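**Q** Here our numbering is used: position 121 in the sequence shown is 472, and no number is missing along the way.
For reference, the structure I am asking about is given below.
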Amino acid sequence: MHIDSLFGEAGKNVIDWDLIESQFRHLMRVAVSVREGAISSSTLLKRLRSGSHKNSTYTAFREVGRVVRTVQLLRYLSDAPLRRRVTAATNKVESFNRFSQWVGFGNQGVLADNDPIEQEKVMKFNALLTNAVIFHNALDIAEIVRQLLQEGWEIDPEDLAHISPYLTEHIKRFGEYSTHELGIQPEAYDPKLNVDFTQLRDQDLRAEGFGTAA
């Protein structure tokens, strides 16, 4: 497939390798400073962005970023297993975000407060509640699987792997106020299921190139 059109008009959007080479020593010095904690990334960005059009180091970092993005784009185009992993991860993130928005239904999810601290509280509380509901769903799914196994059903791990914890039909967002359950001590969480996921893990390892050659 001809991919030149993906990179824009010929002669434009070309990496300035000469600039990267001339600034390489400065780039490495900055990278080591960030890694060793001598300077924070936020402080570095503020300094580099000050007069960025005249700052050669800033411009060189931008060129390096373009190189990394180009390499990743070429990997994505040429590696089918990578595309599947990226798609799967993207779908999971989008599903989580939709579920989080569903949980944070109050005020239609709009942050009405201009105070950054209050905004951070709202987002953290929403994330905490979202993860608590997901954990609750996972417990329910695990309990149902155990009941099916006890009844003699055979659970296909591949089918189980497609079950999402982002379930909403049985969740009462407005709550159910009951005081008699406050003194009930929940049972210890048991994460183990009598389902063999070895085959799925082996498939993932082979897809990532860690499997043994045939």
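By construction, the Cβ of each residue, glycine as well, lies at the ideal position given by its N, Cα and C atoms.
All of these numbers come straight from a predicted model, not from anything done at the bench.
#1: Please report the straight-line C-alpha distance between A411 and L378, rounded to a whole angstrom.
#2: Name the two residues that bound the continuous alpha helix (DSSP H) containing S384.
#3: Considering only residues of the same chain and omitting the five flanking positions on each side of T519, which have a CB-CB separation below 8 Å?
#4: Near V385, what residues of its chain come up, given a Cβ to Cβ distance below 8 Å and the 5 sequence neighbours on each side ignored?
#5: With distances taken Cα to Cα, identify the nearest neighbour of R376 among A389, R398, S407 and V365.
#6: Between A493 and L544, is the Cβ-Cβ spacing less than 8 Å?
#7: For V546, tell me which candidate among G455, D510, R434 and V365 has the shortest Cα-Cα distance.
#8: Please report the distance separating the alpha-carbon of A439 from that of S446.
#9: Quick one: using the 10 Å Cβ neighbour count with 16 as the cut-off for buried, is V568 buried or exposed?
#10: Do I485 and P508 have their CB atoms nearer than 8 Å?
#11: Residues in the same chain with beta-carbon distance under 7 Å from I366, minus the five sequence neighbours each way, listed in chain order, please.
**A** Taking the coordinates as given:
#1: 8 Å
#2: F375 to R386
#3: F450 and W453
#4: S391, S392 and L395
#5: S407
#6: yes
#7: D510
#8: 11 Å
#9: The chain is shown from 352 up to 565; residue 568 falls before or after that span and cannot be answered.
#10: no
#11: E414, R417 and V418
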